[in-house]
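K.L.:
Counting from 1 along the sequence shown, just add 28 to a position and that's the residue number in my numbering. Idealized CB from N, CA, C, for every residue including glycine.
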Amino acid sequence: TAHTWTAETARAAGLKGVAAKRAKRALAAAMLFLACAWPASAQSIGPAPYVAMALGSSIDLASTLSALNSDRPVKEGNPFLAPLGQPGLVAGKVAATAGALWVMRALTKAGHPRWAKVIGFGGGGALASLGARNHRVGR
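(1) Rounded to whole angstroms, what is the Cα-Cα separation between SER98 and GLY166?
(2) For GLY152, which option in ALA134, LYS121, PRO115 has the closest C-alpha, if you only look at C-alpha atoms?
(3) How far does the alpha helix (DSSP H) with ASN162 in it extend, from its first residue to its last?
(4) May I have the straight-line CA-CA distance separating ALA160 from LEU117, to the nearest angstrom?
(5) Mapping the DSSP letters down to three states, classify PRO101 as helix, strand or coil.
(6) Mind checking which residues open and close the alpha helix (DSSP H) that includes ILE87?
(7) So is THR29 buried or exposed if we call it buried at 16+ other beta carbons inside 10 Å?
(8) Apart from the five residues on each side of it in sequence, which residues of its chain come closer than 7 Å, Cβ to Cβ, to PRO77?
(9) Reducing DSSP to helix, strand and coil, say where LEU129 ends up.
(10) Can SER72 and ASN162 be called in contact, C-beta distance under 8 Å?
(11) Counting along the chain, where does the alpha helix (DSSP H) carrying PRO141 start and finish?
(12) Just how far apart, CA to CA, sit ALA138 and LYS103?
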């Protein structure tokens, strides 16, 4: 279920207390947005690009938080998110993912489903690759 998934993600990221609750709420909100963002028009691109983007973003976020909480001397490489700390990192990642999902839906509605798929699959793949790198660095 969604609650179990968000709880496991927060636990894997090393978040406790209020930070864990905020992370779980943010992830649940992102999943709700994903569910609402699926287009229902005749030009529908289906859920796969949306899922790819959300999954890639989730992998990147979980591996980043895991690496930051490891014993290794690592830091966030994104200069916009680094000064915000872990709660800001979670909020920024959720906001960026929600924005990307919204752009994908807008492109689909505007008659550009191929660009929406490029953003979904390309962005999701790129973020999953970053997540794999984070995982290697954080070990």
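P.N.:
According to the structure shown:
(1) Distance between the alpha carbons of SER98 and GLY166: 6 Å.
(2) With distances taken between Cα atoms, GLY152 lies closest to LYS121.
(3) 151-165
(4) 18 Å
(5) coil
(6) 76-96 is the span of the alpha helix (DSSP H), which, as asked, contains ILE87.
(7) Note that THR29 has pLDDT 43, beneath the 50 cutoff, so the model's placement of it is unreliable and no number is given.
(8) MET132, ALA144, LYS145, GLY148, PHE149
(9) helix
(10) no
(11) 141-145
(12) Those two C-alpha atoms are separated by around 39 Å.
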